Amino acid sequence: MKKVEAIIRKSKFSAVKKALHEVGVNFFSYWDVTGLGNEKEGHVYRGVSYSTSDIQRRYLSIVVNDDFEEVTINAILEAGATGDVGDGKIFVSNIEEVYRIRTGEKGGNTLK
């Protein structure tokens, strides 16, 4: 099993959520987060300069069986990309075990 964690633009969340549902990923958790990025220059909006050092993003945490890893990542990459700096990052790590609290069963079947 894999844990796929993604930090994406808040404006792309609906598209990413839809893309994940289309490939069969129907459960995940998400949070609104603030981070610091590589973008150094500020922006001007209606004549007012503002800093972009604090970046508002959405953090997704998804646990999938190994056979869903690639489709999950591809869905996020395709739906979350704008081609501009600040599109985000995807992190993948191994999950050793998962348990369903309600029944006590364990293993990959608990993700279905």
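Using my numbering, count along the sequence shown one by one with no gaps and you end on 112.
The beta carbon of each residue, even a glycine, is placed where N, CA and C say it ideally should be.
Keep in mind that this is a model prediction, so the values were computed, not measured.
- With a 10 Å radius around the Cβ and a threshold of 16 neighbouring Cβ atoms, V64 comes out buried.
- If you ignore the 5 residues before and after Y30, its C-beta comes within less than 6 Å of the C-beta of R58 and L60, all in its own chain and listed in chain order.
- Here DSSP, grouped into helix, strand and coil, assigns K112 to coil.
- Spatial neighbours of S93 in its own chain (CB-CB distance under 6 Å, excluding positions within 5 residues in sequence) are listed in chain order as K3.
- As a beta-bridge residue in DSSP terms, V64 pairs with K2.
- Distances from the alpha-carbon of Q56 to those of D87, M1 and E96 put D87 closest.
- In terms of Cβ geometry, V16 and A81 do not form a close pair [threshold 7 Å].
- Taking C-beta atoms as the reference points, E22 and F91 fail to come closer than 7 Å.
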